[in-house]
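Following: one structure in structure tokens, then a few remarks.
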Amino acid sequence: MIKVILGSPRQLQERWLSDYRQGALAGPTMVPNETLAQFLYGLLKAMVPQMRQMPRIESLWDFARSLLPQGAKIAPIGMEKALASLLARDLHQELPHQVPGIYLNIIRHVLELRRRQIVLPSFDGIPWPLILRWLEDIWPESLYDEFRVYQYASQAPLVTGDMASLAIYGYVEAHESQWQLLHALSHHYSIIVYTPWLTHYDNSLAEDWIKKWREQGAIVEMLPENAKKPRQSAISVRPGTLMLHSIIDQVASRQGENLLLVLGGMDSTSLMRLAKRRGVIFREKDPVLSQAKNVWAAFWRLVQNQGDEATKRLWLEVIEEHGRSASDALGYVHRFSEQLRQIHLWQELVELVDDAARFHDIDDLSRTLTACRDWVIYDQWHIPPRVDLIEELWELLPFKKSYGGRSGILWAEGLNARMLTAKTIIVAAIHEGTFPRGVVLDSLWIPELAQLYGLPGPDHAHQQDLHLLHVLIESAEQEICWVVPQYDDEKLWWPEGLAPDEEFDGPDQVPISSATRNMAKIRDWYVSHYDSEVLDAYQGMIGQELAEALWPHEVTPTALEQYGTCPLAFFYEQVLGLKSPWDEDLYTISPSVKGQWMHKVLELAVKSDQPITAQRLRQFVEEIAARIPPKNKVLQAVLSHVKDDVVRDLLQVWPLIAPSSLDIVDTEYPLQWTLYTEAGSWQVKGRLDRVDYAKDGTITITDYKTGILKNPDKIAANNLQLPLYYEGMRHHVSEGAIVAQVQGISAKNQFVRRLLSLDGAQDDTALQLVNQIASRVKQGEFFPLPRLQDDPCRICAYVQLCSADIKGIRRRKKAPDDEYWQLWED
Numbered sequence: 001m002i003k004v005i006l007g008s009p010r011q012l013q014e015r016w017l018s019d020y021r022q023g024a025l026a027g028p029t030m031v032p033n034e035t036l037a038q039f040l041y042g043l044l045k046a047m048v049p050q051m052r053q054m055p056r057i058e059s060l061w062d063f064a065r066s067l068l069p070q071g072a073k074i075a076p077i078g079m080e081k082a083l084a085s086l087l088a089r090d091l092h093q094e095l096p097h098q099v100p101g102i103y104l105n106i107i108r109h110v111l112e113l114r115r116r117q118i119v120l121p122s123f124d125g126i127p128w129p130l131i132l133r134w135l136e137d138i139w140p141e142s143l144y145d146e147f148r149v150y151q152y153a154s155q156a157p158l159v160t161g162d163m164a165s166l167a168i169y170g171y172v173e174a175h176e177s178q179w180q181l182l183h184a185l186s187h188h189y190s191i192i193v194y195t196p197w198l199t200h201y202d203n204s205l206a207e208d209w210i211k212k213w214r215e216q217g218a219i220v221e222m223l224p225e226n227a228k229k230p231r232q233s234a235i236s237v238r239p240g241t242l243m244l245h246s247i248i249d250q251v252a253s254r255q256g257e258n259l260l261l262v263l264g265g266m267d268s269t270s271l272m273r274l275a276k277r278r279g280v281i282f283r284e285k286d287p288v289l290s291q292a293k294n295v296w297a298a299f300w301r302l303v304q305n306q307g308d309e310a311t312k313r314l315w316l317e318v319i320e321e322h323g324r325s326a327s328d329a330l331g332y333v334h335r336f337s338e339q340l341r342q343i344h345l346w347q348e349l350v351e352l353v354d355d356a357a358r359f360h361d362i363d364d365l366s367r368t369l370t371a372c373r374d375w376v377i378y379d380q381w382h383i384p385p386r387v388d389l390i391e392e393l394w395e396l397l398p399f400k401k402s403y404g405g406r407s408g409i410l411w412a413e414g415l416n417a418r419m420l421t422a423k424t425i426i427v428a429a430i431h432e433g434t435f436p437r438g439v440v441l442d443s444l445w446i447p448e449l450a451q452l453y454g455l456p457g458p459d460h461a462h463q464q465d466l467h468l469l470h471v472l473i474e475s476a477e478q479e480i481c482w483v484v485p486q487y488d489d490e491k492l493w494w495p496e497g498l499a500p501d502e503e504f505d506g507p508d509q510v511p512i513s514s515a516t517r518n519m520a521k522i523r524d525w526y527v528s529h530y531d532s533e534v535l536d537a538y539q540g541m542i543g544q545e546l547a548e549a550l551w552p553h554e555v556t557p558t559a560l561e562q563y564g565t566c567p568l569a570f571f572y573e574q575v576l577g578l579k580s581p582w583d584e585d586l587y588t589i590s591p592s593v594k595g596q597w598m599h600k601v602l603e604l605a606v607k608s609d610q611p612i613t614a615q616r617l618r619q620f621v622e623e624i625a626a627r628i629p630p631k632n633k634v635l636q637a638v639l640s641h642v643k644d645d646v647v648r649d650l651l652q653v654w655p656l657i658a659p660s661s662l663d664i665v666d667t668e669y670p671l672q673w674t675l676y677t678e679a680g681s682w683q684v685k686g687r688l689d690r691v692d693y694a695k696d697g698t699i700t701i702t703d704y705k706t707g708i709l710k711n712p713d714k715i716a717a718n719n720l721q722l723p724l725y726y727e728g729m730r731h732h733v734s735e736g737a738i739v740a741q742v743q744g745i746s747a748k749n750q751f752v753r754r755l756l757s758l759d760g761a762q763d764d765t766a767l768q769l770v771n772q773i774a775s776r777v778k779q780g781e782f783f784p785l786p787r788l789q790d791d792p793c794r795i796c797a798y799v800q801l802c803s804a805d806i807k808g809i810r811r812r813k814k815a816p817d818d819e820y821w822q823l824w825e826d
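Read in order, the letters of the sequence shown are residues 1 to 826 in our numbering.
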């Protein structure tokens with residue numbers, strides 16, 4: 001007997017639990033993915049805590065694989081790339097050439113045809129029948145791909161025993177190979193099919209699925225409609241880090257509730273890492289084994305002679321923790337590299353990798369590298385183990401562990417969220433073309449061909465995601481919250497049929513909350529300290545009389561560069577002396593504080609007479625962080641994360657900046673001199689991060705940079721620091737050549753070093769610019785004039801006081817240069 005039960009996800013969940021409780025289900029339950037399997041296990045355990053033996057809940061794929069004969073080999077990871085290489089070797093004359101990636105694309109399509117048991121005629125230069133015959137000819141008898149797994153399982157003897165019933169839960173579609181197995185199961189089991197049927201949306205995606213069951217004599221039961229819909233809300237927020245924080249804010253505000261987070265079109269790794277730093281714990285579901293992955297990547301770079309000093313140090317540190325000496329480890333790298341050059345078979349590569357796994361002795365790494373053993377199948381195809389192919393296969397290794405703890409907040413990615421239910425569901429992030437996925441035309445088979453032969457159409461993925469979004473609406477008990485990216489000049493976009501009220505009038509009714517971080521706090525702070533009406537009315541001109549009274553007699557190179565970047569910010573900070581409020585965010589340490597730490601740690605490292613190791617840098621970081629704590633309160637996890645970042649960056653840059661034992665080195669070198677301009681004189685003060693005195697008399701001044709590195713030779717009003725430091729040093733020393741340079745010390749600027757090369761024509765450029773700045777300061781000109789490329793408004797503490805409202809127009813390229821400057825003048 002076959003029964004198909006149709007209803008909302010929450011109704012089907014209650015019915016499935018009821019059937020188990022009443023004994024109507026004694027056999028296994030087949031589900032589309034492991035996420036749903038673990039979710040149902042949790043429901044059963046909560047319902048019957050004393051249940052001794054849990055029923056089998058697994059995917060149809062896992063069930064089919066369990067029926068394979070002993071010793072059967074599943075198609076290995078990366079097989080598509082190996083087959084593409086083989087196709088290019090065997091059939092390159094019969095296929096179009098000048099098309100990038102065509103061989104891999106053809107392989108993916110032909111495997112889809114094989115899985116669906118479809119034979120296409122030759123079309124648009126692609127001989128599909130020939131390629132299918134070629135694939136069958138080269139396919140090893142002992143190798144099982146998805147097609148052969150389902151084919152074998154559908155013919156294998158099924159031992160039913162007492163399991164007279166079987167549940168198919170959560171599926172809405174299946175391909176031909178899966179239907180073969182389902183049809184075979186229907187002859188051995190009494191089957192109950194639980195299929196989501198939407199009340200408020202089109203069910204065409206599931207129609208073929210239901211039709212197939214009807215053809216096998218299924219009885220269809222429709223559960224009563226549930227008219228109650230959850231409340232819908234939305235958050236419109238800028239993509240990137242701001243969106244990640246906003247998602248975590250929403251989750252954190254609902255901790256303790258029955259909550260589900262659904263991610264679509266965005267990487268989960270960054271979100272999970274940030275959540276952990278903020279103390280928000282999600283359930284472990286296939287977390288990336290970062291250490292094992294990084295250790296293997298570092299080892300491979302060293303084997304290929306591509307690793308830098310930092311890579312070697314980090315790898316050796318891990319190896320030494322496992323009881324190996326540095327000399328033994330480097331000797332092993334050399335031997336592995338030599339043996340790798342001599343191999344000709346994949347079997348030899350697998351033996352090398354097994355030996356490397358034993359050498360490293362890291363459980364996660366050893367477990368992951370066992371996936372390489374399946375690559376020996378490539379020897380049957382006479383594909384040589386080329387380094388480029390090996391490196392592509394490394395990227396596909398499953399550096400993941402099985403589903404872990406069941407504590408924490410439930411989350412799922414994309415279609416894995418189908419049939420999960422919760423009191424509140426947060427969906428991030430709805431954006432056309434990403435989630436739901438867009439309509440993609442396939443260059444190898446046109447829509448008419450796909451429709452004629454029953455292949456997925458160009459809008460299939462789009463329809464799947466739309467269906468999922470509406471399934472989620474009926475899966476939420478009380479509320480569903482949509483996270484939507486916010487872009488300039490873009491209206492809020494909603495997928496078809498999603499609306500906030502019963503009438504489905506469209507997105508205008510959706511309650512929107514703009515996610516901002518600390519802007520309201522900054523505004524409130526300024527209003528409480530200063531007369532907001534005066535500041536809001538300010539337009540950039542204070543007049544010469546007042547400007548002369550406020551003339552700042554002392555300046556720094558940084559302050560002068562600030563005027564060149566934005567005169568208004570200079571006015572607020574240097575002339576009025578407005579102090580910017582510190583960030584009260586628990587989850588962020590100010591970049592300026594992190595920069596101070598890095599400068600101070602390097603000062604200690606330069607003065608240290610001990611070798612600089614990771615452990616030594618950690619000691620320095622702890623010392624400096626205790627001496628210069630963040631002004632705002634932050635979580636301990638955030639503090640640890642930033643400290644680790646500092647150690648990682650400085651460990652990589654240290655080999656590039658370590659001082660010579662023959663040089664004398666000063667740090668935090670004070671500079672002070674008088675600059676005379678047409679408008680008046682300034683006392684210029686500053687501190688050089690580092691000064692090196694060589695034996696030949698050369699003096700090298702270095703300015704460390706943690707952010708974006710500008711070219712010091714492109715002297716401009718917003719790029720004055722190094723030229724002015726150079727000018728100041730010329731006032732301090734009478735002899736010897738002076739070399740000025742900026743040195744990147746963070747991964748953000750890739751540790752780049754740039755020298756200042758002043759020639760005769762450039763020599764006075766910086767002083768001329770300072771003279772112009774002085775004239776404008778004396779005239780009282782403090783217009784909000786941010787540089788176009790650097791966009792300092794993004795991080796400016798005074799942005800809430802700025803009267804300029806056309807910066808965004810230029811950034812969106814709506815106005816040409818002439819029009820843009822005319823707006824400023826007006």
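For glycine and all other residues, C-beta sits at the position ideal for the given N, C-alpha and C.
Local Cβ density within 10 Å of residue i, reported as buried at 16 or more and exposed below that
i, result
"Arg133", "exposed"
"Met222", "exposed"
"Ser270", "exposed"
"Glu225", "exposed"
"Ile664", "exposed"
"Ile57", "buried"
"Leu441", "exposed"
"Asn711", "exposed"
Inter-residue spacing [alpha-carbon to alpha-carbon] between residue i and residue j
i, j, result
"Arg753", "Gly744", "6 Å"
"Val48", "Pro55", "12 Å"
"Val733", "Trp673", "12 Å"
"Asp609", "Ile773", "44 Å"
"Leu244", "Cys372", "35 Å"
"His470", "Ser246", "23 Å"
"Pro398", "Thr368", "6 Å"
"Trp682", "Ala694", "32 Å"
Run of the beta strand (DSSP E) containing residue i, from where it starts to where it stops
i, result
"Trp61", "Segment 60-66 is the alpha helix (DSSP H) holding Trp61; no beta strand (DSSP E) there."
"Trp411", "410-413"
"Ala740", "738-744"
"Asp663", "Neither: Asp663 is in no beta strand (DSSP E) and is coded neither H nor E."
"Asp703", "699-705"
Short Cβ contact (8 Å threshold) for residue i with residue j
i, j, result
"Leu410", "Ala422", "yes"
"Gly78", "Ile281", "no"
"Leu36", "Tyr20", "no"
"Val262", "Ala26", "no"
"Asn771", "Gly707", "no"
"Leu185", "Ala174", "no"
"Leu104", "Glu80", "yes"
"Gln463", "Leu205", "yes"
"Val295", "Val333", "no"
"Val647", "Val621", "yes"
"Ile738", "Ile701", "yes"
Residues bridged to residue i (per DSSP)
i, result
"Gly7", "Pro196"
"Tyr669", "Leu688"
"Pro485", "Val237"
"Tyr831", "Examination of residue 831 is not possible in this model, given that the chain is present from 1 through 826 alone."
"Met222", "Leu6"
Range of the contiguous alpha helix (DSSP H) that encloses residue i
i, result
"Gly170", "Gly170 -> no alpha helix (DSSP H), and no H or E assigned at all."
"Thr311", "309-321"
"Thr613", "Segment: none, Thr613 is in no alpha helix (DSSP H) and carries neither H nor E."
"Lys594", "591-607"
"Ala206", "204-215"
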